[in-house]
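Since the structure comes first, as structure tokens, the remarks are kept for the end.
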Amino acid sequence: MTEKVLIVDNISKRFGGLQATNQVSFHVNKNEILGIIGPNGAGKSTLFNLITGFYFIDSGSITYKGERIDGLTPDKICHKGITRTFQVARPFGGLSVADNILVACLPKAKKVSEARDRVHDVLEMVGLDKKADSLGADLTTLERKRLELGKALATNPEVLLLDEVMTGLKPQEMDEMMELIKELRKTKTIVVVEHVMRVIMNISDRIIVLDHGQKIAEGLPQEIAENPIVIEAYLGRGAKKDA
Amino acid sequence: MDIFLQIVISGLLLGGIYALISIGLNIIFGVIKIVNLAHGDFLMMAMYAAFFLFTLQGVDPFVSVFIIFPAFVLFGVFIFRVMIKPLLGTAETEVNTIIATAGLGFVLQNLALMLWKSDIRAMETSMTGQSYEFFGVMLSSGRTWAFVVCLIVALLLYYVLMYTKIGTHIRAVSQDTDAATLMGINVDKIYTLTFAIGIGLVGVAGAIIAPTYNMYPTIGLYFNTMAFIIVVLGGLGSFTGALIGGLIIGLVEAFAGVLASAELAQVFSLLIFLIILFIRPEGIMGKGARV
Amino acid sequence: MKPDKTPLILGILAIVLALVYFLPLQIYVRHILILTLLYAFLGTGWNLMCGYAGRLSLGHSAFVAVGAYTTLLLFKDFGITPWLGMLVGGVIAVIVMLLIAYPSFRFGVKGPYFTLGSIALAEIVHNLLIYFREYTGGSLGMSLPYKPTSLALFQFDGKEPYYIVILVFWLAAVFLTWKMERTRYYLEAIREDDDAAAALGISVNRNLIIAACISAFLVAIGGTFYVQYYRYIDPYSIAGFTLSLNIALVVVIGGSGTILGPTIGSFLIIPITEILRMTLGASMPGLHLFLYGILLILCIIFLPKGIVSLPGVIRARKAKKDGQLNQGAEGVL
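These protein sequence lines are chains A, X and V, in that order. Under the working numbering, the letters of the first sequence match residues 1 to 243, in that order. Under the working numbering, the letters of the second sequence match residues 1001 to 1291, in that order. Under the working numbering, the letters of the third sequence match residues 2001 to 2333, in that order.
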């Protein structure tokens, strides 16, 4: 039985002269991995910002588990169960890695000690247990990405929105990350924005394609790979002939 | 109508002085993004410098500008190298530069106190007590000439910022230091230069207003608040903003001073300042999103 | 995770300071201790909002003034005991804080803009105190009507009782800070990156407001103590920029955003300031503040993270030296 956990219905968002999101509709099923792809500037990160309350939609609605969440602030949406990562990792630079995770565990923990107990496990999950005492600001880009994921996982989300987590990873690390995401799918619903095609094709159950703020295609990975509109969007009009 | 015009003109002249005082602060705050709490105390030092050059050497304040400006520029370079630069580039920069410049303020204030005691000094130049008449409106000569100098300085600065290479570099750094570095601009040199020029401009302001104000070592405090209000009101990083901000505050004070007491006039200016902070922190002329 | 040594240090400090009470000390030494603890108290209050949350206020004297004048006026004109006046002053301070903090946080006023706004607030309070001179005595200030030693009226002839009071206040403030562990973490996260904090479920505005209000309340209580101790206040000293700056200095030099930083900073700065003033103040006016200013500048350049960072800095230097020594040995071989 596929339960529609997140329903985005006809949302639009305008910034001054730019229609960043244009009547986009889609849904996410429970425990599936939904991939979102699209050329640069398609509005993928904007979509995440809209869903998680960093921007407010101009029109349409966003429903999570039957409840309207558009208009809520990011912290409330996180409490409801949706957590996002940022495309450019945003660690708490002045805090240690361990404290970064602790902070992420706190809002949903009844006691501080409860939160503290979870920190080590989360650090292990993302491979940062050896760096627990390093300052957030002193991490390499790769470590920051790991921390970003760790913080998101620490909030125990039901829905996880991952914004380009693969960028900068070596092929072997990408494989590990893909395995991790698939493992997470067992207990969570995951939406992944990615540029790396083999990753998206590999892990997604379904894919939607954005271009210029609009959804131009939706379907199974194989369907998307062969979709001429998608190919055109990525490679330009001339490519269609070669496809 | 006459009185109204008088108040307006007085306010504008006062505004010109305020603008002149704030231009140096605007540059430093706008480019290096630090708050120089010693701003008013530099001004005080310049006033004393002009005073002594006049009383001991007979140098007219408006001439002493040519001595004080370079001296203060060098002073600015020294202060930047010794005190500001070591503090830049960390998470605590904002707080630490505030503390450090506050400390500098103490140092300057009390240096003045030690050297020249707390007696109030006043300069008697050829312009003291003089005023021009202009269509039935009295213009205090000191303030009028200060206003003129303010315009000249503003125009010079505008020219340098907009039409010279160094000015473009300064503007680039104020907008995006990383991009500027990538373009080959030595941000450190620009910071030093900007700070030095800012201090130099304060020096000019102090020399110019010395004939029109009584001076004592703690007068800096008074000008500090005013200068910061004007800078934010007019808009960070916009030099025309400092002008407009100065003029507005000058007018507000002139009117409020007549209609109500001095304290209420200050309160009024401060409330306007707070409202601007909430609604439009980039100021009247400023561009760019809020911090 | 390193064990939290704070309660231990705090406990030792508290015991030492309590024992000090029994020592036969000169009056001016007691005075310095009282002043030190007062600033440690004020600084701890300031630290919650400005150190942990990173919203630097240089206008906290506004709240000191609110606490002081409220207490004084309620006592002088209505005979209300300063203990109650203290609470009323605290509440009014919170209201004043909300008036400026709520719009500030809502409109995202941060960094130097926030600081300038806070300075403006203090100046507004300062000017209003002078303007309403029929009630407040204007720039000449107002005296507390003298009453002989009375706990109920919060006035004592000797210094010792004041010492106990401020010791208790200080201890309570530091203890409170220590206890607010969760809020401290939230505030730090907000200071570092408030969007990232919100994305993790932290309510940014609510936490900031809480920190701001507690901060104002505590500082107002400090204002009450000030007027009961000095028995005289005037707008310049109690709502002026210098007081605001001194509160901030004590915390930043000691170590902003740490539980004991304000206390350590206070114990360093206040005694030095007072001793400088007493020894040099008479001989040449301004010399002590001149030296004070230089000391501040040196402190902030060499210890940008405050005195609490000193152990860490020494450790890092030592580690670097050891590393260099090893390298040198290898070079020889």
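The beta-carbon is built from N, C-alpha and C at its ideal position, and this holds for glycine as well.
Query: Range covered by the alpha helix (DSSP H) that runs through residue 2075/V; Result: 2061 to 2078
Query: Nearest-angstrom Cβ-Cβ length linking residue 2248/V and residue 2046/V, presumed shorter than 8 Å; Result: 7 Å
Query: Among 1011/X, 1055/X, 1056/X and 1062/X, nearest to residue 1149/X - alpha-carbon criterion; Result: 1062/X
Query: For residue 1233/X and residue 2049/V, the rounded distance between their alpha carbons; Result: 26 Å
Query: Nearest neighbour of residue 1281/X, chosen from 2033/V, 2240/V and 2114/V [CA to CA]; Result: 2114/V
Query: C-alpha distance - residue 2314/V paired with residue 2257/V, whole-angstrom precision; Result: 20 Å
Query: Interface positions of the segment 2182 to 2198 of chain V facing chain A (Cβ-Cβ less than 8 Å), listed along the chain; Result: 2182, 2185, 2186, 2188, 2189, 2191, 2192, 2193, 2195, 2196, 2197 and 2198
Query: Chain-ordered neighbours of residue 151/A on chain V, where CB pairs are closer than 9 Å; Result: 2196, 2199 and 2200
Query: Separation of residue 49/A from residue 2208/V, as counted between CA atoms; Result: 23 Å
Query: Rounded straight-line distance, which links the Cα of residue 1276/X to that of residue 2030/V; Result: 46 Å
Query: Any C-beta of chain A under 7 Å from that of residue 2203/V; Result: yes
Query: Buried or exposed (CB count within 10 angstroms, at least 16 for buried), residue 1101/X; Result: buried
Query: Endpoints, the alpha helix (DSSP H) within which residue 200/A is located; Result: 197 to 203
Query: Alpha helix (DSSP H) segment containing residue 1165/X, residue limits; Result: 1165 to 1175
Query: Rounded Cβ spacing between residue 1105/X and residue 1184/X (contact assumed at less than 8 Å); Result: Not a contact, Cβ separation roughly 36 Å.
Query: Cα-Cα separation between residue 17/A and residue 90/A, rounded to whole angstroms; Result: 28 Å
Query: For residue 8/A, the residue or residues it bridges with in DSSP; Result: 26/A and 62/A
Query: Residue-level contact to chain V via CB, residue 19/A, 7 Å cutoff; Result: no
Query: Beta-carbon neighbours of residue 1373/X, restricted to chain V and to distances below 7 Å; Result: Absent from the model: residue 1373/X. The displayed extent of chain X is 1001 to 1291, so no value can be given.
Query: Residue burial classification, residue 2151/V (beta-carbon count within 10 angstroms, cutoff 16); Result: exposed
Query: CB contact below 7 Å: residue 1263/X versus chain V; Result: yes
Query: Proximity below 7 Å, CB of residue 101/A to CB of residue 150/A; Result: yes
Query: C-beta neighbour in chain X for residue 2135/V, strict 7 Å; Result: no
Query: Residue 2042/V versus residue 125/A - alpha carbon distance; Result: 43 Å
Query: Per-residue contacts from residue 1201/X into chain V (C-beta, under 9 Å); Result: Within chain V, no residue comes near residue 1201/X; the closest Cβ sits about 19 Å away, beyond 9 Å.
Query: Chain V contact residues for residue 102/A, given Cβ-Cβ distances below 8 Å; Result: 2185
Query: Contact set between the segment 71 to 88 of chain A and chain V, restricted to residues whose Cβ is under 9 Å from the partner; Result: 73, 74, 75, 76, 77, 78, 79, 83, 84, 85 and 86
Query: DSSP-derived helix/strand/coil call for residue 2322/V; Result: helix
Query: Straight-line gap, residue 2259/V to residue 2177/V (C-alpha atoms, nearest Å); Result: 6 Å
Query: Limits of the alpha helix (DSSP H) - the one that residue 121/A falls within; Result: 112 to 125
Query: Partner residues on chain B for residue 141/A, Cβ-Cβ distance less than 9 Å; Result: Going by chain labels, chain B is absent from the structure shown, which instead holds the protein chains A, X and V.
Query: Cross-chain neighbours of residue 2256/V in chain X, by beta carbon under 7 Å; Result: 1095
Query: Min CB distance residue 1042/X to chain V below 7 Å; Result: no
Query: Endpoints, alpha helix (DSSP H) assigned at residue 1197/X; Result: 1187 to 1209
Query: Closest residue to residue 40/A among 203/A, 6/A, 195/A and 123/A (Cα-Cα distance); Result: 195/A
Query: Cutoff 7 Å: residue 2127/V Cβ touching any chain X Cβ; Result: yes
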